[in-house]
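Heads up: the sequence shown at position 244 corresponds to 244 in the working numbering, and the numbers run straight through without jumps.
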Amino acid sequence: MRPIYTLVPVVAAIRAAASQPSDSWVFGNSFFYLGPPSGNARITKATYSILPPSVPTNTTVSNKNDEVWVSVWVGASSTAGDENANLYQPLFNWSPNQESQGCSASADEWCVAASTYTPDLQIGQEYVTVPQNTTVEFEIAVVNGKVVQTVTMEDKVISKQSNTLDASLQYLYSSNECYTGSGGCGTLAGYSITNLTVTLSEADTNFASVMRLNKVTESTFKSTDGGITWHTDKITVSSIDFDFSSDTEVSSY
């Protein structure tokens, strides 16, 4: 099974959820949200690194045929979370039963893959095991009318995917997502997104003003070339209790 993502919460939409029904998607409300650039500028490339946190704790599953899973990702899109637009989102994924997600990792490890949400289906590569304490590098780049995702670990490309660019990229944002299945996703430890660099098609000297932070902290997001290339050393994401309403937003289907 490949995770399928729908609407992604933005700052204005974050709210406490009173309950978390079964078969729901729970989004942690610790994330960054960047975009859109001004004028005719568009995002042409984003690179960043993530040392994934320890795997979630205190998960529960009552039906082994309906496993919970947790995903951690940064994605790029032409819209602010419209489910009718593509979302290019290389992702980490974890489940108490990794085989149920098509990954051979142990329960103490994450899986990673290049992946794209489309209105019709999730298109993803095979999962690759991420050994504990291993940093993974990501690149999302627009190349000749396509979006190319490249995932690198220990200087080796381990996952790559190319998909048609449906519209110019204007937004980049992070998310921590839980599918509750027949139980609960427990607690996800905090982690950092490091060396985030975003390249624009043309200069936007005010791009830093559209970096929104919700329960995360960052070092300064700045440009040293007049507004084309923007960089921050670190974005620190808080720990999330997926089973605690004030930490999440819930979508049910």
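Virtual Cβ for every residue (Gly too), placed ideally from N, Cα, C.
Report the option in the options whose CA atom is closest to the CA atom of residue i.
| i | options | result |
| --- | --- | --- |
| residue 169 | 189, 157, 217 and 145 | 145 |
| residue 244 | 59, 50 and 43 | 59 |
| residue 82 | 100, 101, 119 and 47 | 119 |
| residue 41 | 66, 201, 142 and 166 | 201 |
| residue 241 | 184, 38, 143 and 94 | 184 |
Counting only the same chain and skipping the five closest in sequence on each side, list residues whose C-beta sits under 6 Å from that of residue i.
| i | result |
| --- | --- |
| residue 161 | 114, 125 and 149 |
| residue 237 | 30, 190, 191 and 216 |
| residue 63 | 182 |
| residue 167 | 78 |
| residue 186 | 56, 57, 58 and 59 |
| residue 51 | 135 |
| residue 45 | 141 and 199 |
Taking the beta strand (DSSP E) that residue i belongs to, which residues open and close that run?
| i | result |
| --- | --- |
| residue 28 | 24-28 |
| residue 239 | Note, residue 239: premise wrong, no beta strand (DSSP E); not H, not E. |
| residue 149 | 146-153 |
| residue 38 | That residue, residue 38, is in no beta strand (DSSP E); it is neither H nor E in DSSP. |
| residue 123 | 122-124 |
Spatial neighbours of residue i within its chain, please: CB distance less than 8 Å, with the 5 preceding and 5 following residues excluded, ordered by chain position.
| i | result |
| --- | --- |
| residue 116 | 86, 87, 88, 89, 122, 123, 124, 147, 149, 161 and 163 |
| residue 155 | none |
| residue 152 | 136, 137, 138, 139 and 158 |
Below 8 Å on the Cβ atoms is my contact criterion, and I expect residue i with residue j to pass it. Report the Cβ-Cβ distance as a whole number of Å.
| i | j | result |
| --- | --- | --- |
| residue 32 | residue 212 | 7 Å |
| residue 75 | residue 176 | Their Cβ separation, rounded to whole angstroms, is 12 Å, which puts residue 75 and residue 176 out of contact at 8 Å. |
Using a Cβ-Cβ cut-off of 7 Å (strictly less than) and excluding sequence neighbours within five positions of residue i, which residues of its own chain qualify?
| i | result |
| --- | --- |
| residue 221 | 208, 211, 230 and 232 |
| residue 53 | 188, 189, 190 and 191 |
| residue 206 | 38 |
Can a CB atom of chain C be found closer than 8 Å to the CB of residue i?
| i | result |
| --- | --- |
| residue 228 | Reference to chain C is not applicable here, since this structure consists of a single protein chain. |
For this session: At 3 residues or longer, and completely inside the segment 24-102: list those beta strand (DSSP E) runs for me, N to C.
Result: 24-28, 31-34, 43-50, 69-77 and 91-94
For this session: Go through the segment 108-142 residue by residue and report every complete run of the beta strand (DSSP E) that reaches 3 residues or more, in order.
Result: 110-113, 115-117, 122-124 and 128-130
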